[in-house]
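Asker: First, the structure itself, so that you have it in front of you.
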Amino acid sequence: MDMRKRKAIVEAALESEYERQALGIMNTEQALELEDSDGLVFSHPDEEAGVTDHFVDQDELRRLVRRSTSPLPVLQSPGRAARSS
């Protein structure tokens, strides 16, 4: 099941060289509204928040959410496209 959507739940954390300090659980929309900060990371939206060790930075989270909410391209076979002229 693809959980990458605007309301997927993620865990926000501050990550340093030595540890990761949990900040809280929120949806991806709220996470992307946070001010960008060094060390701010989020659990991957396809994983279970609060359980996974797979974390991404805010830029990567933005790419994941954007990819999942963009409309799928309409595929046409080459023969069909050629006949439309």
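For any residue, its number in the working numbering is found by taking its place in the sequence shown, counting from 1, and adding 1. Glycine included, C-beta positions come from ideal geometry on N, C-alpha and C.
Could you have a look at ASP58 and say whether DSSP puts it in helix, strand or coil?
Answerer: Taking the sequence shown and counting its residues from 1, one reaches residue 58 at position 57. In this structure, ASP58 counts as strand in the three-state DSSP scheme.
Asker: Shortest alpha-carbon distance to TYR19 belongs to which of SER69, GLY40, LEU65?
Answerer: Here residue 19 refers to the residue found at position 18 when the sequence shown is read from its first residue. Of SER69, GLY40, LEU65, the residue nearest in Cα terms is GLY40.
Asker: Can you tell me which of the three DSSP states ALA50 falls into?
Answerer: Taking the first residue of the sequence shown as 1, we reach residue 50 at position 49. Note: ALA50 maps to coil in three-state DSSP.
Asker: If you follow the alpha helix (DSSP H) that LEU33 is in, where does it begin and where does it stop?
Answerer: Within the sequence shown, numbered from 1, the residue matching residue 33 stands at position 32. Element bounds for LEU33: 29-34.
Asker: In the DSSP assignment, find the beta strand (DSSP E) that holds HIS9 and state where it starts and stops.
Answerer: Locating residue 9 in the sequence shown gives position 8, counting from the first residue. Inspection of the sequence shows that residue 9 is occupied by Ala rather than by His. First-last for ALA9: undefined, no H or E at that position.
Asker: Which residues in the same chain have their Cβ closer than 8 angstroms to the Cβ of LEU15, if we skip the five residues on either side of it in sequence?
Answerer: Within the sequence shown, residue 15 is the residue found at index 14, counting from 1. The answer, listed in chain order, is ARG21, GLN22, LEU24, SER38, GLY40, LEU41, VAL42.
Asker: For VAL52, count neighbouring Cβ atoms within 10 angstroms of its own Cβ and tell me buried if that reaches 16, exposed if not.
Answerer: Counting from 1 along the sequence shown, the entry for residue 52 is found at position 51. Exposed.
Asker: Taking the straight line between their C-alpha atoms, what separation do you get for GLU12 and ILE26?
Answerer: Indexing the sequence shown from 1 puts residue 12 at position 11. Indexing the sequence shown from 1 puts residue 26 at position 25. Computed Cα separation, rounded: 4 angstroms.
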